[in-house]
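Written out below as structure tokens is the structure these notes cover.
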Amino acid sequence: MRGRGRPARGHRGRDQAGGRGQADHAGPRWWVSAKDIRPFLPTAATPTRPLGAALPTLATPPATSPWLPRPAADTPAAPSATEIAALRSAACDGGRAEGLAETAALRARLRQLIDQLAGHLAAAHAALVPPTAETIAEIATCVVEAWIGTTHRSATLAPIVRGWLARSADPATARVHPDDAAALAEAIGEAPIAITGDPSLARGAVEIRSATLELVHDWPARLAELRTAIVAALTGVES
């Protein structure tokens with residue numbers, strides 16, 4: 128064997144060392160053979176299971192890195208024809224129900240808006256139509272009254288006489304204001320109607336009586352009736 132980098136001494140070397148006074152270094156040397164070697168740790172020297180099995184196992188998540196390739200996702204199985212038909216039927220039913228609900232909501236909203244509009248129109252009608260109708264009736268009666276005052280009296284009395292003659296050809300008596308007697312005679316012509324002047328009657332008024340009929344025409348009263356009729360026609364409310 129070698130020791131400290133120099134060759135081992137033999138018997139001769141030991142004798143020389145003893146002669147030089149190096150007896151302490153010249154003691155007997157033990158030679159170790161392979162059979163003299165014994166394992167220091169028998170368990171480690173002769174393991175009963177692998178080292179990896181002896182170590183504890185720890186569950187750790189797989190390491191991820193943006194530079195590592197990612198595994199492709201598993202492709203799901205295609206749905207069957209029955210599943211597709213069921214999904215389509217469910218989608219149609221859901222869409223139909225949703226559409227009907229939306230239509231009902233829109234119909235309710237439209238009805239609400241119509242009611243609001245009707246209320247606004249009624250309020251506007253109540254605020255605008257009656258005053259406007261009164262104004263129109265006033266203008267109409269003023270126009271008729273002006274026409275009566277400026278037109279020849281025979282022209283205003285002629286329609287009254289024609290209406291009487293259309294209902295009766297029997298002899299009758301007519302009463303008018305004395306200033307309107309000549310105009311009434313012109314309107315009567317050859318009809319069997321006698322004329323009598325009555326200062327108590329207003330200008331333009333006429334009364335015709337026979338044995339079976341009676342007619343009383345007064346322009347102021349007629350104008351009041353005309354005014355009422357115009358207002359009722361425009362407002363739809365009869366007074």
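Numbering-wise (our numbering), the sequence shown opens with residue 128 and increments by one. Here a beta-carbon is modelled for each residue, glycine too, at the ideal position from N, C-alpha and C. Quick caveat, the model's predicted, so the values are computed rather than measured.
Q: Could you check what DSSP says for Glu317 in three-state terms: helix, strand or coil?
A: Judged by DSSP in its simplified three-state form, Glu317 adopts coil rather than helix or strand.
Q.
Can you list, in chain order, the residues of its chain with a C-beta nearer than 6 Å to that of Asp297? Leave out the 5 residues immediately preceding and following it.
A. Excluding positions up to five away in sequence, the list reads Ser337.
Q: Could you check the C-alpha separation between Ile322 and His279 for me, to the nearest Å?
A: C-alpha of Ile322 to C-alpha of His279: approximately 18 Å in a straight line.
Q. With 16 other CB atoms within 10 Å as the buried threshold, where does Leu237 fall?
A. Exposed, by the Cβ-count rule.
Q: Look up Ala204 in the DSSP assignment and say whether it is helix, strand or coil.
A: Reduced to three states, the DSSP call for Ala204 is coil.
Q: Whole angstroms is fine: what's the gap from Leu195's alpha carbon to Pro189's?
A: Between Leu195 and Pro189, the C-alpha separation is close to 12 Å.
Q) Which residue comes first and which comes last in the beta strand (DSSP E) that contains Val343? A) Taken as a continuous stretch (DSSP letters only), the beta strand (DSSP E) holding Val343 covers 341-344.
Q) Thinking C-alpha only, which one of Ala224, Pro198, Thr283 is nearest Glu313? A) Of Ala224, Pro198, Thr283, the residue nearest in Cα terms is Thr283.
Q: Tell me where the alpha helix (DSSP H) around Thr283 begins and ends.
A: Note, Thr283: alpha helix (DSSP H), 280-294.
Q) DSSP three-state call for Arg133: helix, strand or coil? A) Annotation note: pLDDT 49 at Arg133 (below 50); position unreliable, coordinate value reported separately. In the three-state reduction of the DSSP assignment, Arg133 falls in the strand class, which pools E and B.
Q) Which term fits Ala299, buried or exposed, when burial requires 16 or more other beta carbons within 10 angstroms of its beta carbon? A) Around the beta carbon of Ala299, a 10 Å sphere encloses 16 or more other beta carbons of the protein chains shown; the residue is thus reported as buried.
Q: Could you please give the first and the last residue of the uninterrupted beta strand (DSSP E) stretch that includes Arg302?
A: In the DSSP assignment, Arg302 falls within the unbroken beta strand (DSSP E) covering 299-303.
Q: Grab the span of the beta strand (DSSP E) containing Pro333 for me, first residue to last.
A: Checking the sequence shown, residue 333 turns out to be Val, not Pro. That run of the beta strand (DSSP E) goes 333-336.
Q: Kindly list the residues whose CB is nearer than 6 Å to the CB of Pro257, restricted to its own chain and excluding five residues on each side of it in sequence; keep chain order.
A: Closer than 6 Å at the Cβ level, and outside the excluded window around Pro257, lie Thr362.
**Q.** Exposed unless 16 or more other CB atoms sit within 10 angstroms - verdict on His304
**A.** With 16 or more other Cβ atoms within 10 Å, it is buried.
Q: Please say whether Val333 and Ala301 have beta carbons closer to each other than 8 Å?
A: Contact: yes.
Q: Look at Gly324 and Ile275 and say whether their C-beta atoms are less than 8 Å apart.
A: No, Cβ-Cβ distance for Gly324 and Ile275 is not below 8 Å.
Q: Could you check the C-alpha separation between Leu328 and His344 for me, to the nearest Å?
A: Between Leu328 and His344, the C-alpha separation is close to 10 Å.
Q) If you count every other CB in all the chains shown that lies within 10 Å of the CB of Val358, and 16 or more means buried, which is it? A) Taking every protein chain shown into account, the CB of Val358 has 16 or more other CB atoms within 10 angstroms, so this residue is buried.
Q: Inspect the beta-carbon positions of Ala353 and Ala267 and report whether they are closer than 8 Å.
A: According to the sequence shown, residue 353 is Leu rather than Ala. Annotated as proximal: Leu353 and Ala267, with beta-carbon spacing under 8 Å.
Q | Cα-Cα separation, Ala273 to Thr259 | A | Computed Cα separation, rounded: 21 Å.
Q. Going by C-alpha distance, which of Gly246, Cys269, Arg197, Leu311 is nearest Arg349?
A. Checked all of Gly246, Cys269, Arg197, Leu311; the closest Cα to Arg349 is Cys269.
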